[in-house]
Structure formats: structure tokens, C-alpha cells
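First residue of the sequence shown: 114, per the numbering used here; consecutive thereafter.
Take a look at the structure set out below.
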Amino acid sequence: MFLEQFIAYIKYEKRYSPHTVAAYESDLAQFYTFLNHPEVVIGHPSEITHHHIRNWMVELMNQKLTSRSINRKVATLRKYFKFLLQGNHIASTPTARIQTPKIAKHLPVVVEEEKLSRMLDNNEIFTTDFKGRRDKMIVELLFGTGMRLSELLGITEADINTYEGTVKVLGKRNKQRIIPLNKELKLLLQEYLLLKKSEIFANKSLKLIVTDKGADAYAKMIYLIVQKYLNYISTQDKKSPHVLRHTFATSLLNKGADLNAIKDLLGHASLSATQVYTHNSVERLKSIYKQAHPKAN
114 MFLEQFIAYI
124 KYEKRYSPHT
134 VAAYESDLAQ
144 FYTFLNHPEV
154 VIGHPSEITH
164 HHIRNWMVEL
174 MNQKLTSRSI
184 NRKVATLRKY
194 FKFLLQGNHI
204 ASTPTARIQT
214 PKIAKHLPVV
224 VEEEKLSRML
234 DNNEIFTTDF
244 KGRRDKMIVE
254 LLFGTGMRLS
264 ELLGITEADI
274 NTYEGTVKVL
284 GKRNKQRIIP
294 LNKELKLLLQ
304 EYLLLKKSEI
314 FANKSLKLIV
324 TDKGADAYAK
334 MIYLIVQKYL
344 NYISTQDKKS
354 PHVLRHTFAT
364 SLLNKGADLN
374 AIKDLLGHAS
384 LSATQVYTHN
394 SVERLKSIYK
404 QAHPKAN
């Protein structure tokens with residue numbers, strides 16, 4: 114009962130994205146599966162203690178989950194128990210005494226901009242049929258706008274303004290923003306929309322990105338498409354839509370773009386989230402210095 118109330122709260126009152134709601138549901142389902150086994154059955158949330166949460170965290174560590182993943186799951190519990198506390202369903206929250214593992218700081222993973230640009234310009238890689246134009250548009254949109262995967266999946270045809278050269282996206286916490294499109298991307302979108310209109314699909318989705326059969330695209334599909342094409346230019350392990358977002362931001366920063374402008378384009382709530390890209394630029398400068406300066410070594 115409480116789980117259903119909480120999910121309804123974040124879905125309809127907080128208006129979290131479907132992707133975020135699904136993540137919360139999954140985390141809470143995993144937690145209750147861990148709690149309830151033949152020997153012990155937890156009935157009311159007030160029976161849950163910080164010991165239960167700590168034991169779950171140990172189990173997650175044994176499953177080799179990263180600190181970042183564990184922290185995200187604990188954040189879900191914090192939100193859930195805060196909701197129960199505010200509704201007077203529990204007297205105190207068991208997460209108050211929980212310390213989350215420290216996250217090792219890693220620089221954002223990017224791909225080489227020149228290699229990516231050459232790959233996107235290679236007519237032998239992307240076919241000219243609907244599927245090929247769609248795949249190219251996905252990679253171009255992620256790299257050319259820096260939008261998130263969830264934002265890409267949420268775009269409808271009506272959100273594209275080819276006359277103004279902009280795309281409207283719905284970001285975290287349902288915040289809308291307008292992102293400009295470069296000339297090449299605008300032309301590609303126009304071409305794609307014409308192809309999509311001419312395709313004979315069983316069901317015509319109004320979402321911009323659709324499957325080969327015309328249904329709404331889904332996260333796994335986008336991941337596989339991005340991985341497929343990044344395999345042409347990169348041997349690094351991480352080849353995800355977020356890598357293209359990182360590449361977009363790093364590219365702008367390297368070319369002198371204002372940090373606040375990058376923040377607005379990415380849809381970050383605060384500048385601190387954007388500043389992580391300055392570290393990539395510093396590392397790039399160090400690399401250039403070592404290669405070019407006679408006293409570097």
C-alpha cells in the first residue's frame with residue numbers, strides 16, 4: 114500500500130520522468146525482496162531499521178555494484194522514508210544513521226571529436242534508408258545538443274522547430290529548455306521526418322524516435338545504436354549516450370564557450386555539475402603542453 118502511494122506521489126505530484134519512476138520502483142522492489150524471505154517477513158515500514166539497510170548495502174557490495182549505484186539506491190530509500198515520515202506513517206527514518214560509500218572521482222569519458230565528426234560524415238557507414246537516417250540522427254542529436262537519453266526519448270515531432278532551428282526537451286524535474294540545432298542537424302531532421310512520414314508502419318507514433326516498426330523507441334535500443342557506431346572509432350569500454358553528452362560539453366568548453374552557457378544547454382541545476390568538464394580541459398592542456406613544450410619533460 115505504502116509503495117503504491119509513494120510511486121503515485123513521485124509520478125503525479127512530483128512529476129518525475131517515467132525513466133526515474135521506473136528506477137525508483139526497481140530499487141524499492143529489490144530492497145523489499147531482500148527484506149522478505151522465508152525466515153523474516155517485514156510488514157509495516159516502521160519495522161525497518163538501519164541494520165536492514167546496512168545489510169542490504171553489504172549485499173549490493175557483494176554483488177560488485179559500484180559505489181555510485183549503491184548511493185543511488187540509498188537515495189531512493191531516503192526519499193521513500195521521508196515520504197512516510199511526512200505522512201506520519203513512521204516515527205523516524207532509518208536512513209538517518211546510514212553513511213553511503215565514497216564515490217571515486219572520475220573524469221567524464223569522451224570520444225575524440227575529430228574521429229566522431231569524420232564517422233558522422235562517412236556516407237558508407239550510415240545508409241540512406243529510414244533506419245540509416247534515424248541512426249545517424251540519434252548520434253547527431255546526442256552529440257549536437259548534449260541532451261540526456263531520457264530527454265531524447267521524450268521528444269515528439271511537435272518539439273522540433275526546423276524553421277527556428279531549435280528542439281524543445283523536457284529535462285529533470287520537468288524543466289523545459291530550448292536547444293539550438295546546427296544547420297546540418299536541422300537538414301537531417303527534415304530529411305528524417307519526411308522518410309518517417311513515408312514509411313508504412315503498423316502504428317504511427319508521434320514520438321520523434323521510433324523503432325523499425327514505428328513504435329516508441331526505448332532506452333536499450335538507443336544504447337545499442339550508439340554502441341554500434343562508436344565501435345567504429347573507439348576501443349574504450351564505455352560507449353553510451355551519456356558519453357556523447359560529455360563529448361558535447363567538453364568540445365564546447367575546449368572551444369571557449371562560457372561555462373554558464375554550457376550549464377544552460379545541458380540543463381544542469383547548478384554550475385557545480387558543469388564544472389566537472391573543466392577538469393577534462395585541464396588534462397587536455399597538460400597533454401598538449403607535454404607534447405609541445407621543450408621543457409615539459
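Where is the CB? At the ideal position from N, CA and C, for every residue including glycine.
In this text the structure is predicted, and so the values were computed from the model without any measurement.
- Message: By the three-class DSSP mapping on this structure, what secondary structure does Arg-290 have?
- Response: Per DSSP, reduced to three states, the secondary structure at Arg-290 is strand.
- Task: Use the C-beta contact count for Ile-291: other C-beta atoms within 10 angstroms, 16 or more gives buried, fewer gives exposed.
- Result: Answer is exposed; the Cβ neighbour count stays below 16.
- Burial state of Ile-123, where buried means 16 or more other Cβ atoms lie within 10 Å: Buried: at least 16 other Cβ atoms inside 10 Å.
- Message: Given a cut-off of 9 Å on the beta-carbon distance, is the pair Gly-278 and Asn-295 in contact?
- Response: The answer is yes: Cβ separation under 9 Å.
- Between Val-389 and the ligand GDP, is the CB less than 8 Å from at least one heavy atom? Here there are no bound small molecules, and the ligand GDP is not part of this structure.
- Task: Express the C-alpha separation of Met-334 and Glu-126 in angstroms, rounding to a whole number.
- Result: Near 30 Å, if we compare the C-alpha coordinates of Met-334 and Glu-126.
- Query: In whole angstroms, what is the alpha-carbon distance linking Arg-286 and Pro-354?
  - Reply: Those two C-alpha atoms are separated by around 20 Å.
- Query: Taking the alpha-carbon positions, what's the Tyr-259 to Asp-377 distance?
  - Reply: Before going on, a small fix: residue 259 reads as Gly here, not Tyr. Rounded to whole angstroms, Gly-259 to Asp-377 spans 11 Å at the Cα level.
- Query: Ile-211 by DSSP, collapsed to three states: which one?
  - Reply: Three-state DSSP puts Ile-211 in coil, outside helix and strand.
- Task: Mind checking which residues open and close the beta strand (DSSP E) that includes Val-282?
- Result: Boundaries of the beta strand (DSSP E) harbouring Val-282: 279 to 283, taken from the DSSP string.
- Do you know how far the Cα of Ala-370 is from the Cα of Arg-247? The alpha-carbon of Arg-247 is positioned some 29 Å away from that of Ala-370.
- Query: Cα-Cα, which of Val-339, Ile-268, Leu-337, Ile-375 is closest to Phe-361?
  - Reply: Measuring C-alpha to C-alpha distances from Phe-361 to each of Val-339, Ile-268, Leu-337, Ile-375 identifies Ile-375 as the nearest.
- For the alpha helix (DSSP H) holding Gly-267, just list the boundary residues, first then last. For Gly-267, the uninterrupted alpha helix (DSSP H) run begins and ends at 262 to 267, by DSSP.
- Query: Is it true that the segment 189 to 206 meets the segment 237 to 254, where meeting means three or more beta-carbon pairs spaced less than 8 Å apart?
  - Reply: At 8 Å Cβ cutoff, the stretches do not touch.
- Item | Whole-angstrom distance between Leu-266 and Pro-131, CA atom to CA atom | Going from the Cα of Pro-131 to the Cα of Leu-266 covers about 10 Å.
- Query: For Asn-149, which residues of its own chain have a beta-carbon under 7 Å away from its beta-carbon, when the five flanking residues on both sides are left out?
  - Reply: In chain order, Ile-155 place their CB closer than 7 Å to the CB of Asn-149, counting only its own chain and leaving out the 5 sequence neighbours on each side.
- Query: Do Leu-306 and Thr-275 come within 9 Å of each other at the CB atom, strictly closer than that value?
  - Reply: Taking 9 Å as the Cβ cut-off, Thr-275 and Leu-306 qualify as a contacting pair.
- CA-to-CA distance, Met-170 to Ile-211, given in whole angstroms: Straight-line Cα distance between these residues: approximately 10 Å.
- Going by DSSP, what residues sit across from Asp-325 in a beta bridge? Under DSSP, Asp-325 forms no beta bridge with any residue.
- From the DSSP output, in three-state form, read off Asn-274 for me. In the structure shown, Asn-274 sits in a strand (DSSP, three-state: E or B).
- Classification of Lys-177 by the beta-carbon crowding that lies within 10 angstroms, buried from 16 upward: Lys-177 comes out exposed.
- Item | Residue range of the unbroken alpha helix (DSSP H) whose run includes Ser-159 | For Ser-159, no alpha helix (DSSP H) segment is defined, and its DSSP state is neither H nor E.
- Message: Spatial neighbours of Glu-225 within its chain, please: C-beta separation below 8 Å, excluding the five flanking residues on both sides.
- Response: Leaving aside the five residues that flank Glu-225 on each side, the residues in its chain whose CB is nearer than 8 Å to its CB run, in chain order, Ile-346, Ser-347.
- Could you work out which residue in Pro-214, Asp-242, Lys-288, Leu-300 is closest to Glu-253 when comparing CA atoms only? For Glu-253, the nearest C-alpha among the options comes from Leu-300.
- Kindly give me the distance between the Cβ atoms of Tyr-193 and Leu-233, rounded to whole angstroms, as I take these residues to be in contact under 8 Å. With 8 Å as the limit, Tyr-193 and Leu-233 do not qualify as a contact, their Cβ atoms being about 43 Å apart.
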